[in-house]
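Written below as structure tokens is the structure these notes are about.
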Amino acid sequence: MILVTSANGNQGTRLVPKLLEAGHHVRACVQSSASADRLRARGVEDVVVGDLADPAVVARVVRDIESVYHVGPTIHPVERAIGFAMVDAARAAGVGHFVFSSVLHAITTDLVQHEIKRDVEEHLLSSGLEFTILQPSNYMLPRRLKPVFEEGVFRLSWSLDRHQSMVDLEDITDVAALVLGAPERHAAATYELVGPGRFTAHDIGRVLTTVLGREIGVERVKSEGFVDARHDDRDSDTRQYQARVVGAIQARYSSHDFLGNPNVLTYLLGRSPTTFEDFVRREYAAFQAGN
Ligand SMILES: NC(=O)c1ccc[n+]([C@@H]2O[C@H](COP(=O)([O-])OP(=O)(O)OC[C@H]3O[C@@H](n4cnc5c(N)ncnc54)[C@H](OP(=O)(O)O)[C@@H]3O)[C@@H](O)[C@H]2O)c1
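Each residue of the sequence shown is one higher than the one before, counting from 43 in our numbering.
Structure, rendered in structure tokens:
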């Protein structure tokens, strides 16, 4: 059985159906019963609802598991402790293979969430577990396109002139499914997952204008709306932590480009990775179809 954490998130919602389709037994871990219901409706029989910050939950989710796919929830205040606990519990439970979804350039210590993943990678490397580490670049996120389709503007919370490399979540989860399907073939590997090209916000605006056939503006905003919207019930420590993470992202991506190379992803997929233009075309077609 394969355990997927953050199972109703950006990666999980795409990965879990691929694993089920390939005939794997999946255990999904989420925090809310609403997400658990959604996963059960999609055919996941074994769903654990719990807070991964609780070591008892971590010990429970790894029991009788062959392979783990661990994704740390976005900007979680104890992401590092959760990662360490997942590795330790997996080792204690005799898990055969641990796949850690890290991030491109985890060595960049002025990005808080990168430094945490660097530490988790090191902990995993030192654990004696069989492992694979995936290092995705910035996700091509459908939610970033919603204001584009609805209002004709692309918004970003860092410099509009800095370049970034991006990767399609379908490509990341295609690779995750490949690795989980043949873990021994990918043992002890660390893979950078990066789509083709490098884009400033202005470049992104140009692609959007071409695909949508109307002028799309680009606009710098003060903060990432999703952080505010998704966490209204945050305590003040969490609020402060998340403000620190978002501030570090804005500072780093405003003073440096964030770039990677698509060679590894191309090799793993055995095809060309999804381009940003392909991604926009797919998402725009889904938007127009009302999905
Ligand atoms: N955004 C990017 O461009 C990017 C790029 C590279 C790497 N990353 C990294 O990728 C990770 C996020 O991946 P993602 O976007 O796929 O995940 P995500 O969407 O943030 O994951 C959300 C899922 O995590 C669950 N969850 C949240 N807190 C939990 C807790 N305390 N205990 C148990 N489950 C919990 C949620 O459960 P409910 O559904 O029940 O709420 C939900 O199913 C982060 O570590 C981020 O740094 C992000």
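Backbone N, C-alpha and C fix where the C-beta goes; we use that ideal spot for every residue, glycine too. Given the structure is predicted, the values throughout are model-derived calculations rather than measurements.
Could you say which of the options lies nearest to residue i if we only look at CA atoms?
{"i": "S297", "options": "R204, D275, T252, A218", "result": "R204"}
{"i": "G114", "options": "F191, A76, A95", "result": "A95"}
{"i": "I175", "options": "I214, V154, L301", "result": "I214"}
{"i": "E319", "options": "V217, V209, Q282", "result": "V209"}
{"i": "V100", "options": "E121, R256, S168, D279", "result": "E121"}
{"i": "R84", "options": "V260, A49, R105, S109", "result": "A49"}
{"i": "G332", "options": "R69, G170, E192", "result": "E192"}
{"i": "A98", "options": "L62, D130, R56, L166", "result": "D130"}
{"i": "N180", "options": "L167, V263, S143, D161", "result": "S143"}
{"i": "A132", "options": "V103, N305, T251", "result": "V103"}
{"i": "V335", "options": "A76, K188, P119, A127", "result": "Outside the modelled stretch of the chain, which goes from 43 to 333, sits residue 335, for which no answer is possible."}
{"i": "E212", "options": "L45, F321, T151", "result": "F321"}
{"i": "A230", "options": "V236, P238, V221", "result": "V221"}
{"i": "V91", "options": "E63, V46, L167, T116", "result": "V46"}
{"i": "Q53", "options": "G312, E257, A219, E108", "result": "A219"}
{"i": "H139", "options": "L198, A123, S169", "result": "S169"}
{"i": "L254", "options": "F173, R69, L187, A135", "result": "L187"}
{"i": "F173", "options": "Y233, I117, D152", "result": "Y233"}
{"i": "P59", "options": "V137, G194, S265, D216", "result": "D216"}
{"i": "I107", "options": "A123, T116, V137, D79", "result": "V137"}
{"i": "P225", "options": "S75, L171, I291, S199", "result": "L171"}
Can you tell me whether residue i is helix, strand or coil according to DSSP?
{"i": "E319", "result": "helix"}
{"i": "H165", "result": "helix"}
{"i": "V113", "result": "strand"}
{"i": "R122", "result": "helix"}
{"i": "S296", "result": "helix"}
{"i": "H139", "result": "strand"}
{"i": "G255", "result": "coil"}
{"i": "V145", "result": "coil"}
{"i": "V288", "result": "helix"}
{"i": "E261", "result": "strand"}
Taking 8 Å as the CB-CB cut-off, is residue i touching chain B?
{"i": "R160", "result": "The structure shown contains no chain B; it holds only a single protein chain."}
query: Among all residues, which have a Cβ less than 5 Å from at least one non-hydrogen atom of ligand 1, and in what chain order do they fall?
result: S48, N50, G51, N52, Q53, V72, Q73, S74, S77, D93, L94, V113, G114, P115, T116, V145, Q155, P178, N180, Y181
- prompt: Can you list the alpha helix (DSSP H) stretches of 4 or more residues lying completely in the segment 175-250, in chain order?
  reply: 184-193, 211-223
query: Which parts of the segment 45-105 are runs of the alpha helix (DSSP H), unbroken and 4 residues or longer, counting only runs that do not cross its ends?
result: 54-63, 75-83, 97-103
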